[in-house]
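Residue numbers (our numbering), protein chains in the order written: chain A, 182 to 291; chain B, -9 to 104.
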């Protein structure tokens, strides 16, 4: 079977750094995506990792270790607007559909 | 604004009604998707169309019927739904179905079946 695990909820303080983990057990691996979804809104693309290592995009970075079946999303200098759900998704093969995790709901407090 | 629009944004329907959800993408993409999002569950892929041909159907009940008349438009026709079909229905598009193409999502239709 295909499985993606993420924590259900996290809280953090404005200005802080938070790391959201994602572990996956899938039949193969052909890329991992992170999406952000604010309540009542569409998911929006944040990052894509297919090779091991860190991808940095401004305040957001995403890390991948294929040997460990593990990724994390790192959010720096947290802002209130970062309160949202963060979805991890894996594509097991080039032609497979995306397998989504249940998402991590992040609440940022002042 | 992601370039993918959905109508209606909210829909309440009885179990005997027939309704349709509409999705339109303005991005020139070749692939379109329907997803179902229920509370505390992962996004669940329902249908995938690539160049107007259905390429995936994930054992979705026949009371959901997709239609893709062209690469910019996607419909989901609904009939005799059940209360457990109440969910957020998301449309998405991407340049292709494979590899690293990210998907662009619409705002969703919040469906309530009474």
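Quick reminder that beta carbons are idealized off the backbone N, C-alpha and C, glycines included.
Worksheet item: Does DSSP put residue 42(B) in a helix, in a strand, or in coil?
Response: Translated into positions along the second chain, residue 42(B) becomes position 52. It is coil, neither helix nor strand.
query = What do you reckon, are the CB atoms on residue 207(A) and residue 186(A) nearer than 7 Å?
reply = If you number the first chain from 1, residue 207(A) lands on position 26. If you number the first chain from 1, residue 186(A) lands on position 5. No, these two residues do not count as a Cβ contact at 7 Å.
ask   = What are the start and end residues of each continuous alpha helix (DSSP H) run of 4 or more residues lying completely inside the region 2 to 41 of chain B, in chain order?
value = Within the region 2 to 41 of chain B, no complete alpha helix (DSSP H) run reaches 4 residues.
For this session: Could you please tell me which residues of the region 83 to 99 of chain B, in chain order, have their CB closer than 8 Å to any CB of chain A?
Result: Correct list: 87, 88, 89, 90, 92, 93, 94, 95, 96, 97 and 98.
Q.
Quick check on residue 262(A): does DSSP put it in helix, strand or coil?
A. As a first step, residue 262(A) is located in the first chain; it is residue number 81 there, counting from the start. For residue 262(A), the secondary structure class from DSSP, reduced to helix, strand or coil, is helix.
Q | Reduced DSSP category for residue 190(A) - H, G, I as helix; E, B as strand; rest coil | A | The residue labelled residue 190(A) in the question sits at position 9 within the first chain. If DSSP states are grouped into helix, strand and coil, residue 190(A) belongs with the strands.
Please report whether the beta-carbon of residue 224(A) lies at a distance below 7 Å from any beta-carbon of chain B. Here residue 224(A) refers to the residue found at position 43 of the first chain. By this cut-off, residue 224(A) is an interface position.
Assuming the contact rule is C-beta atoms closer than 8 Å, residue 226(A) and residue 279(A) should be a hit. Round their C-beta distance to whole Å, please. The residue labelled residue 226(A) in the question sits at position 45 within the first chain. The residue labelled residue 279(A) in the question sits at position 98 within the first chain. That pair is no contact at about 11 Å.
- Query: Taking 7 Å as the CB-CB limit, is residue 32(B) close to chain A?
  - Reply: Against the second chain, residue 32(B) aligns to sequence position 42. With 7 Å as the cut-off, residue 32(B) counts as an interface residue toward chain A.
From this set, 212(A), 251(A), 281(A) and 256(A), which residue's C-alpha is nearest residue 274(A)'s C-alpha? Counting from one through the first chain, the residue named residue 274(A) turns up at place 93. For residue 274(A), the closest of 212(A), 251(A), 281(A) and 256(A) by C-alpha to C-alpha distance is 212(A).
**Asked** Any Cβ of chain A within less than 7 Å of the Cβ of residue 35(B)?
**Response** As a position in the second chain, residue 35(B) is number 45, starting the count at 1. Judged by the 7 Å Cβ criterion, residue 35(B) is in contact with chain A.
Can you name the residues of chain A whose CB is closer than 9 Å to the CB of residue 46(B)?
Mapped onto the second chain, residue 46(B) falls at position 56. Per Cβ cutoff of 9 Å: 278.
- request: For the region 207 to 224 of chain A, enumerate the residues whose C-beta is nearer than 9 Å to any C-beta of chain B, in chain order.
  value: Residues 211, 212, 214, 216, 218, 221, 222, 223 and 224.
Quick check on residue 74(B): does DSSP put it in helix, strand or coil?
Locating residue 74(B) in the second chain gives position 84, where the first residue counts as 1. The answer is helix: DSSP assigns residue 74(B) an H, G or I state.
| task | Check residue 238(A) in the structure and name its three-state DSSP category. | result | As a first step, residue 238(A) must be located in the first chain, where it is residue number 57. For residue 238(A), the three-state secondary structure derived from DSSP is strand.
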